[in-house]
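Residue numbers (this note's numbering): 131 to 373. We treat Cβ as the ideally placed atom computed from N, Cα and C, and that holds for glycine. See below for the structure under consideration.
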Ligand SMILES: [Zn+2]
């Protein structure tokens with residue numbers, strides 16, 4: 131492990147064996163202050179590694195959001211720990227040592243968990259690359275607001291749901307905001323240039339997206355279009371089915 135990716139004091143990261151383009155090298159489960167953050171997939175070897183990292187004493191399990199790659203092991207782990215609580219908190223709630231901050235976007239139920247100047251960021255921030263924001267319920271607009279909320283905080287380290295620790299939270303959050311707004315500019319340029327179909331909009335505004343992630347890119351396009359539609363910034367002759 132590179133020295134800059136060392137665990138912050140008091141934190142143990144256990145990486146689950148579920149690598150994929152969407153989960154990078156696997157889901158990060160964190161053991162901190164006797165609690166398990168995002169227990170990950172229900173895979174026996176992973177659950178055992180989390181138990182070992184906790185030294186057999188788990189007070190509770192807390193989730194950043196309900197997606198299965200973060201939450202599936204919650205029930206078996208909590209049961210094996212003697213029936214400890216499993217909490218997916220609302221924004222503003224205090225859970226064990228953590229304060230939850232609502233950060234909808236990647237999912238409507240998403241929260242980040244603050245412990246001092248550490249932020250367990252779930253899928254609001256990835257250690258590498260960008261986060262997948264599916265369309266629906268104004269997700270992209272919410273996501274940008276969530277990034278702005280995190281930017282207001284004095285954070286030392288982001289502990290993301292996937293990938294390495296982020297040691298300069300403010301720079302990363304600014305980069306994320308800028309990346310989305312740049313994508314929006316490219317999309318608006320493509321629309322202004324007459325692109326109206328999914329294929330043409332992706333070709334012009336996502337020319338750098340890997341072909342293997344086409345399905346995710348197509349959904350990301352829809353999330354952007356949804357935001358622009360809510361803002362009244364879309365032409366009315368888009369290819370049908372895009373909104
Ligand atoms: Zn997720």
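6 Å Cβ shell around residue 296 - same chain, five flanking residues per side excluded: Hits under 6 Å: 288 and 302.
In its own chain, which residues sit with a C-beta less than 7 Å from the C-beta of residue 172, not counting the 5 before and 5 after it? Excluding sequence neighbours, residue 172 sits near 202, 203 and 206.
Nearest-angstrom beta carbon gap, residue 273 and residue 235 [assumed within contact, 8 Å]: Yes, they are in contact, since the Cβ atoms of residue 235 and residue 273 sit about 3 Å apart, within 8 Å.
Given a cut-off of 9 Å, decide if residue 241 and residue 252 are closer than it, judged by their beta-carbon atoms. Cβ distance < 9 Å, so residue 252 and residue 241 count as in contact.
Taking Cβ positions, are residue 312 and residue 354 nearer each other than 9 Å? Cβ atoms of residue 312 and residue 354: not closer than 9 Å.
Please report the straight-line C-alpha distance between residue 316 and residue 329, rounded to a whole angstrom. Straight-line spacing of the CA atoms in residue 316 and residue 329 works out to 14 Å.
Span of the beta strand (DSSP E) around residue 230: Judged by DSSP secondary structure, residue 230 falls within the beta strand (DSSP E) whose first and last residues are 228-232.
Heavy atom of ligand 1 less than 8 Å from the Cβ of residue 170, yes or no? No, Cβ of residue 170 sits at least 8 Å from all heavy atoms of ligand 1.
Close beta carbons around residue 294, own chain, < 6 Å, minus the five adjacent residues each side: Counting only Cβ-Cβ distances below 6 Å, and skipping sequence neighbours, we find 135 and 257.
Rounded to the nearest angstrom, what separates residue 361 and residue 154 at their Cα positions? Rounded to the nearest whole angstrom, the CA to CA distance from residue 361 to residue 154 is 33 Å.
Any beta strand (DSSP E) of 3 or more consecutive residues that is wholly inside the stretch 154-216: DSSP assignment within the stretch 154-216 yields the following whole beta strand (DSSP E) runs of 3 residues or more, N-terminal first: 158-162, 165-167 and 190-192.
Tell me the DSSP secondary structure of residue 279 in three-state form. Three-state DSSP puts residue 279 in a helix.
Using 9 Å as the threshold, is the C-beta distance between residue 283 and residue 265 below it? In this structure, residue 265 does not lie closer than 9 Å to residue 283 by Cβ.
Can you tell me the Cα-Cα spacing of residue 260 and residue 182, whole angstroms? Distance between the alpha carbons of residue 260 and residue 182 is about 31 Å.
Start and end of the beta strand (DSSP E) containing residue 290? Element bounds for residue 290: 287-290.
Hey, how far is the Cα of residue 191 from the Cα of residue 166? Answer to the nearest angstrom: the Cα atoms are 5 Å apart.
Buried or exposed: residue 373, going by 16 or more other Cβ atoms within 10 Å of its Cβ? Exposed, because fewer than 16 other Cβ atoms sit within 10 Å of the Cβ of residue 373.
Could you pull the start and end residues of the alpha helix (DSSP H) that residue 320 belongs to? Segment 299-322, the alpha helix (DSSP H) holding residue 320.
Whole-Å CB distance - residue 276 paired with residue 233, under 8 Å assumed: 4 Å between Cβ atoms; contact.
What residues in its chain sit with their C-beta under 6 Å from that of residue 223, if we drop five residues either side in the sequence? Here residue 223 has 230 as same chain residues with Cβ atoms under 6 Å from its own Cβ, once five neighbours each way along the sequence are excluded.
Here's the rule: buried if 16 or more other CB atoms are within 10 angstroms of the residue's CB, otherwise exposed. What is residue 342? Exposed: under 16 other Cβ atoms inside 10 Å.
Are the CB atoms of residue 170 and residue 186 within a distance shorter than 9 Å? No, these two residues do not count as a Cβ contact at 9 Å.
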